[in-house]
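I have placed the structure first, in the form of structure tokens, so that the comments after it can refer back to it.
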């Protein structure tokens, strides 16, 4: 059987709840107001005492320039996008004194946008040169590793070509004279010609390898200068960003949060006497049972 609920009963309960809320605020309005003012004022004062964050925006052009070497170097094969992304990774791992670095690669302009943030305007003033110097140092370190690998590969290739060339020269020297009309003697010029062509190709490869080896050894000796020649790191634009420090949202949030804390504290304060009374009553009942 369905149970009937009188609408007037529901209305009376709503009115009772509303009266309890009004009574709660009438009893605690002083505490609520004072707590809200004190907590919100403290939050606003802390916000105002916090040092301002100054920002600077840098736009960097990071490009790889052509290199006159035929050896396969891992770093020298990167395009503009790869170089820019690598620059972003370098900057993300950098720790500058009192400066927060936020790099981002813009694929449309193929440039690196860097946002610098610090409480110290003096540190920001010198940050541009530090950023470019850090990037050049990182590229120089990676370039040194790539050159070392390239030298190893070039020297191994040179050694192999020289060994093969020595074998071919030995084979050419062992060919008999081509005079005669036998079928074997007729085939000698064709085989000799193939070996001569192979020897010529190896001699060209060895000369090119020697040039590459000398070039890479010189680059390894003057690594900083070589890096500047093959990696271009330039500042395209530099600007100070305006400060956007608005106190209004902080004031609103501080007041609302402080008021909520005051309400919770008042509710807890009201419940403490009731809990104490129930605990005392439970102890008395327990004593009677004993």
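In the numbering used here, the protein residues as written are 37 to 326.
Glycine included, each C-beta is placed from N, C-alpha and C at the ideal position.
Distance from the CA of residue 90 to the CA of residue 64, rounded to the nearest whole angstrom, comes to 43 Å. Beta-bridge analysis with DSSP links residue 287 to no other residue. Ranked by Cα distance from residue 102, the options 192, 151, 268 are led by 268. The C-alpha of residue 225 lies about 24 Å from the C-alpha of residue 198. Listed in chain order, the alpha helix (DSSP H) runs fully inside the region 128 to 207 are 157 to 161, counting runs of at least 4 residues. For residue 270, the secondary structure class from DSSP, reduced to helix, strand or coil, is strand. In its chain, beyond the 5 residues on either side, 141 have a beta carbon closer than 6 Å to the beta carbon of residue 121. Spanning the alpha carbons of residue 70 and residue 300 requires a straight line of approximately 14 Å. Counted as a single uninterrupted DSSP element, the beta strand (DSSP E) harbouring residue 97 occupies residues 90 to 100. If you ignore the 5 residues before and after residue 80, its C-beta comes within less than 8 Å of the C-beta of 283, 286, 287, 290, all in its own chain and listed in chain order. Nearest to residue 295 by alpha-carbon distance, out of 72, 143, 53, is 72.
With respect to the 8 Å criterion, residue 94 and residue 185 are not classified as neighbours on the basis of their beta carbons. Two segments are said to touch when three or more pairs of C-beta atoms, one from each, lie closer than 8 Å; by this definition the region 166 to 180 does not touch the region 201 to 210. Residue 270 and residue 96 do touch by the CB rule: their CB atoms are close to 7 Å apart, below 8 Å. In the structure shown, residue 282 adopts coil according to DSSP, grouped into three states.
Less than 8 Å separates the beta-carbon of residue 253 from that of residue 187. Its chain contains no residue whose beta carbon lies nearer than 7 Å to that of residue 82 once the 5 sequence neighbours on both sides are disregarded. In this structure, the straight-line span from the alpha carbon of residue 302 to that of residue 85 is close to 30 Å. Shortest Cα-Cα distance from residue 164 to any of 189, 54, 246, 273 involves 273. Looking at 244, 211, 243, 240, the one whose alpha-carbon comes closest to that of residue 229 is 211. Between residue 195 and residue 237, the alpha-carbon positions lie close to 15 Å from each other. It is roughly 11 Å from the alpha-carbon of residue 275 to the alpha-carbon of residue 161.
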